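Residue numbers (my numbering): 1333 to 1518. C-beta: ideal position from N, C-alpha, C; glycine also. Note that the structure is predicted; figures quoted are calculated from it, not measured. Report on the following structure.
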């Protein structure tokens, strides 16, 4: 499923059939429809970012080399959110964070870190590396964002409740892994 299809599905959920049909047909969109389509792409990326930062973290393992032991964050394959582990030849080593880099006591390291997904465009394939996260969850979050921006607090809360209950359901089937996600303790 493409991002465009997720947007069309969500537009139908919030009752904007006119925009969903126009986007699906690939026809000419007026200014308001174009703005709404761009807004829904923003909502989708915001929901994916929230899921990665708070509920379903994305881990990545990367081998890196630096003669001086300073590993610039810009040199990481993915933008790191949280460094989980730094090893050299499968042994943990001392490391510390600086504003623009990770400093380790070795010129060759393997670093395990959490990252946020890259922003998706409408022609990209919808994909979230944690298999439990699907289009339905993301659509609920997008609908909540849409109604919040539109100023409909009750509809936004209803979609937010669906979104949060789906997250709780998915989290209840997984292990905590040494950390408690936001609002999980309530």
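So what does DSSP say about residue i, is it helix, strand or coil?
i            : result
residue 1400 : coil
residue 1421 : coil
residue 1348 : coil
residue 1387 : helix
Which residues does DSSP list as the beta-bridge partners of residue i?
i            : result
residue 1382 : In DSSP, residue 1382 forms no bridge with anything.
residue 1414 : 1446
residue 1454 : In the DSSP output, where bridge partners are listed per residue, residue 1454 has none listed.
residue 1376 : Paired residue(s): none; residue 1376 is not in a bridge.
residue 1392 : 1445
residue 1428 : 1435
Starting from residue i, trace the alpha helix (DSSP H) in both directions and tell me its first and last residue.
i            : result
residue 1345 : 1335-1345
residue 1475 : 1467-1482
residue 1503 : 1485-1504
Determine the extent of the beta strand (DSSP E) in which residue i is found, giving its start and end residues.
i            : result
residue 1328 : The chain is shown from 1333 up to 1518; residue 1328 falls before or after that span and cannot be answered.
residue 1435 : 1433-1436
residue 1361 : From DSSP, residue 1361 is part of no beta strand (DSSP E); its letter is neither H nor E.
Can you give the beta carbon distance from residue i to residue j, rounded, assuming they're within the 8 angstroms contact cut?
i            : j            : result
residue 1397 : residue 1440 : 5 angstroms
residue 1451 : residue 1377 : 5 angstroms
residue 1461 : residue 1390 : 5 angstroms
residue 1448 : residue 1411 : 6 angstroms
residue 1545 : residue 1388 : One cannot answer for residue 1545 here, as it falls past the ends of the chain, which runs 1333 to 1518.
residue 1442 : residue 1395 : 5 angstroms
residue 1467 : residue 1459 : Contact flag wrong, Cβ pair sits at about 10 angstroms.
residue 1373 : residue 1483 : Not a contact, Cβ separation roughly 21 angstroms.
What's the C-alpha gap between residue i and residue j?
i            : j            : result
residue 1408 : residue 1455 : 26 angstroms
residue 1419 : residue 1399 : 16 angstroms
residue 1339 : residue 1355 : 9 angstroms
residue 1436 : residue 1335 : 39 angstroms
residue 1423 : residue 1446 : 20 angstroms
residue 1342 : residue 1402 : 44 angstroms
residue 1416 : residue 1351 : 43 angstroms
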